[in-house]
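J.: To convert, take the position in the sequence shown, counting from 1, and add 430; that gives our numbering.
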Amino acid sequence: MKCIYRTDIFLISNCFPLLEVLNPSYPLQCIDSEEVEYVTLTFFKLRKVDLSGNEYNDDKLLLNLFTSCKLLEEVIMVCGLGITFDRIASALRETPRLTSLCFSSVDFVSHITSQFITSLASLKYLTCLDLLYSEISDELLSSIANEGLPLTRLLLQACGGYSYYGIFCLLSKCRHIQHLDLQGASFLTDKHVVELSLFLGDLVSINLTCCKLLTISAFFALIKSCPSLSDINMGNTSIGKKSLESSKSLMDFTPRPQLKYLRLADNQWLTDENITMLASISPNLQLLDLTSCWGIKEGISQVLRMCCNIRHLNLAFCSKVKLLEMNFEVPKLKVLNLSYTNADDETLYVISKSCRGLLQLSLKDCTNVTEKGMEHVVENCTQLRLIK
């Protein structure tokens, strides 16, 4: 289906007159002005609308939607070249009950306006704010801080235009953030993370991907100050670049049983010493992503021995990784990705003996694997559902 027409809308409204959640994907681009008005008047009980499949280049639907649907609490939208921030500001003023706003911009060069900042900061019930691929500002972040919005989720993924000052202002005032995404905040340093972590006592998950100045010191600052932190993504940072010896003053080797998801993809300096040290303080780890960590070799066997609860292990593009020392059972491992590695028949034999509970095994471009190796896996991993 390429678009939704008037007849489709009539049918939906007749069948579901009390609809509260609407996710039309991208089809609404084709409706005309009469249909826009009908949509917004018909679905007046909407509480959540997901327009993320649409790159809207005019604001008629948004304005009508926000004006007519007074019960709206959650909105997800992608805005194109034809929509101004002032128009979005006008729409936001019509939805004082909004608790969650996810906004992506395909026009990265346009800057937010003071009117947009004022409207956003006036949303007194806003707990979740996702600003993705947008050009924001320190003024926006400090305005949210000054209004004391009850944020528990803040995603600034791939955003530009703001600095440490802005994020410091916000986090120092909004101290109940549970989910934080600062992907691409290239200005962040270890010292910054040490300072910010003091405001993040409720933090559960954090994404610091592509914050390339961050090292192992930032990791330890987070797990020390954030007792509920269970999900860390520090892919494409500088973990491993600084020697463990030089970082010892900031290290705390107390086990962190709450840490369950650790994503460290694209860290070229990460070594066996690093990952075994991280494993030693993460006994309940369930997911470990080491994609494209070229320095990993035999250490992964020690990790699996210490972290017996691992269910998902991604070693794709780890060209030097070796699993031949895995002479013990890893009963809970369900998903293993060895794509683009030097895995061979001997590796698969070891896996077939140690990881009998596997459900999914990825071996894309593993040119050393033959039919013999596959037979070992199929014979012993009886729960296996997918090999790719």
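Virtual Cβ for every residue (Gly too), placed ideally from N, Cα, C. Being a predicted model, the structure only gives us computed values, none of them experimental.
(1) HIS541: buried (16+ other C-beta within 10 angstroms of its C-beta) or exposed?
(2) Considering ARG583, what are the terminal residues of the beta strand (DSSP E) in which it resides?
(3) Where does ASP516 sit, in a helix, a strand or coil, going by DSSP?
(4) Would you say ASP568 and GLN587 are within 9 Å of each other, going by their C-beta atoms?
(5) Around the C-beta of PHE683, are 16 or more other C-beta atoms found within 10 angstroms, so that it is buried, or is it exposed?
(6) What is the DSSP secondary structure of GLY665, reduced to helix, strand or coil?
(7) I'd like to know whether the C-beta atoms of PHE496 and VAL508 end up nearer to each other than 9 Å.
(8) Since GLY670 and TRP699 are thought to touch, with beta carbons under 8 Å apart, how far apart are those beta carbons, to the nearest angstrom?
(9) Taking the straight line between their C-alpha atoms, what separation do you get for SER647 and LYS654?
(10) Taking the alpha-carbon positions, what's the CYS641 to VAL760 distance?
(11) Between GLN716, LEU689, SER722, PRO580, which has its C-alpha nearest THR701's C-alpha?
(12) How would you write the range of the beta strand (DSSP E) that MET507 sits in, first residue to last?
(13) Give, in chain order, every unbroken run of the beta strand (DSSP E) that is at least 3 residues long and sits entirely within the region 588-659.
(14) Using the three-state DSSP reduction, which class does ASP774 fall into: helix, strand or coil?
(15) Output needed for TYR691: all residues of its chain with C-beta closer than 6 Å, excluding positions within five of it in sequence on either side, in chain order.
(16) Excluding five sequence neighbours on each side, which residues of the same chain lie with their C-beta closer than 7 Å to the C-beta of GLU503?
(17) Where LYS727 and SER564 are concerned, what is the direct C-alpha to C-alpha distance, given to the nearest angstrom?
(18) Quick one, are the C-beta atoms of ASN757 and ASP719 less than 9 Å apart?
(19) Should ASP795 be labelled buried (16 or more other beta-carbon atoms within 10 Å of its own) or exposed?
(20) Could you tell me which residues DSSP puts in a beta bridge with ILE817?
(21) Return the CA-CA distance between LYS475 and ALA521, expressed in angstroms with no decimal places.
(22) Can you list, in chain order, the residues of its chain with a C-beta nearer than 7 Å to that of CYS811? Leave out the 5 residues immediately preceding and following it.
(23) What residue range is occupied by the uninterrupted beta strand (DSSP E) comprising HIS806?
(24) Under the DSSP definition of a beta bridge, which residues are partnered with SER530?
(25) What's the C-alpha gap between TYR592 and PHE598?
(26) Write down the C-beta distance between ARG741 and VAL765 rounded to the nearest angstrom, noting that I regard them as a contact closer than 8 Å.
T.: Working from what's here:
(1) Within 10 angstroms of the beta-carbon of HIS541 lie fewer than 16 other beta-carbons, which makes it exposed.
(2) Residues 583-585.
(3) Here ASP516 sits in helix by DSSP.
(4) No, the Cβ-Cβ distance between ASP568 and GLN587 is not below 9 Å.
(5) By the neighbour-count criterion, in which 16 or more other beta carbons inside 10 Å mark a residue as buried, PHE683 falls on the exposed side.
(6) It is coil, neither helix nor strand.
(7) Taking 9 Å as the Cβ cut-off, PHE496 and VAL508 do not qualify as a contacting pair.
(8) That belief holds up - the Cβ atoms of GLY670 and TRP699 are roughly 3 Å apart, short of 8 Å.
(9) SER647 and LYS654: Cα-Cα distance of roughly 11 Å.
(10) Looking at the two C-alpha atoms, the distance is approximately 33 Å.
(11) Ranked by Cα distance from THR701, the options GLN716, LEU689, SER722, PRO580 are led by SER722.
(12) Counting along the chain, the unbroken beta strand (DSSP E) around MET507 starts and ends at 504-509.
(13) Runs of the beta strand (DSSP E) lying entirely within the region 588-659, each at least 3 residues long, are 609-611, 635-637 in chain order.
(14) If DSSP states are grouped into helix, strand and coil, ASP774 belongs with the strands.
(15) In the same chain as TYR691, and ignoring 5 residues on each side of it, the C-beta atoms closer than 6 Å to its own belong to ASP661, LEU717, in chain order.
(16) Cβ neighbours of GLU503 beyond the five flanking positions: ARG477, LYS478, ARG527, LEU528, THR529, SER530.
(17) So the alpha carbons of these two residues sit roughly 39 Å apart.
(18) With respect to ASP719, ASN757 sits apart: the two C-beta atoms are not nearer than 9 Å.
(19) Counting Cβ neighbours within 10 Å, ASP795 comes out exposed, since fewer than 16 surround it.
(20) ILE817 is bridged to LEU791.
(21) For LYS475 and ALA521, the distance between alpha carbons rounds to 17 Å.
(22) Residues of the same chain with a CB within less than 7 Å of the CB of CYS811, apart from the 5 flanking positions on each side, are SER782, CYS785, ARG786, LEU788 in chain order.
(23) Premise fails: HIS806 lies in the alpha helix (DSSP H), 801-810, not in any beta strand (DSSP E).
(24) DSSP lists GLU504, CYS558 as partners of SER530.
(25) Spanning the two alpha carbons is a distance of roughly 11 Å.
(26) Between VAL765 and ARG741 the Cβ distance is about 7 Å, and since that is below 8 Å, they are a contact.
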